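Note sheet for the following structure.
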Amino acid sequence: MLPHGDHTMLDIWNGSGSIGTQQQLLEARGELRRPVLDPERLINDQSAYTRTAANEIRAQFPRLPNPDLVMYVYPHLAGTQQTPVPGYSTVFPLYEKVQYALPGERLDDL
Numbered sequence: 000m001l002p003h004g005d006h007t008m009l010d011i012w013n014g015s016g017s018i019g020t021q022q023q024l025l026e027a028r029g030e031l032r033r034p035v036l037d038p039e040r041l042i043n044d045q046s047a048y049t050r051t052a053a054n055e056i057r058a059q060f061p062r063l064p065n066p067d068l069v070m071y072v073y074p075h076l077a078g079t080q081q082t083p084v085p086g087y088s089t090v091f092p093l094y095e096k097v098q099y100a101l102p103g104e105r106l107d108d109l
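For the sequence shown, numbering that gives the first Met the number 0 assigns the number 0 to the initial residue and increments by one for each residue that follows.
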């Protein structure tokens, strides 16, 4: 890749090498160039195929549906000082406990 002769590295860097040398350098760079892969996409693609303990448990014991209820609390006065409390929304699950399906139990109909 580097030319033989009395050229210094500075001369080569500045492009004073022969035309044939420049062409060889361009060809060598072209061979080494590869498309840049998006690392985030690679991680996402591989995560579906990666086997972890959490994936195994979720696959064997999936959670049963537990819908969330959204409740709006209107603005009100609270306490003995009658402190104003602004209105807000809160979310809580319909069922108190999280239920899991047994291995092999069908979840399609739920």
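Even glycine gets a Cβ: it sits at the ideal position worked out from N, Cα and C. The structure presented is a predicted model; accordingly, all values stated were derived computationally and were not measured.
### Task
Return the bridge partner residues of P76 from the DSSP annotation.
For the record, residue 76 in the displayed sequence is Leu; it is not Pro. Beta-bridge pairing links L76 to P83.
### Message
Suppose you measure from the CA of T82 to the CA of P74; what does that come to, to the nearest Å?
### Response
The straight-line gap from Cα to Cα measures roughly 11 Å.
### Query
Shortest alpha-carbon distance to Y94 belongs to which of D5, N65, G78, R57?
From the listed residues D5, N65, G78, R57, the smallest Cα separation to Y94 is found for N65.
### Distance CB(A27)-CB(F60) smaller than 8 Å
No, Cβ-Cβ distance for A27 and F60 is not below 8 Å.
### Message
Here's a check: name, in chain order, each residue in its chain whose Cβ is nearer than 6 Å to the Cβ of T89, leaving out the five neighbours to either side.
### Response
If we look at T89 and ignore the five residues flanking it on each side, its Cβ neighbours are M70.
### Task
Could you spell out the range, first to last residue, of the alpha helix (DSSP H) harbouring A58?
Element bounds for A58: 52 to 59.
### Query
Using the C-alpha atoms, what's the distance from G4 back to D10?
Looking at the two C-alpha atoms, the distance is approximately 11 Å.
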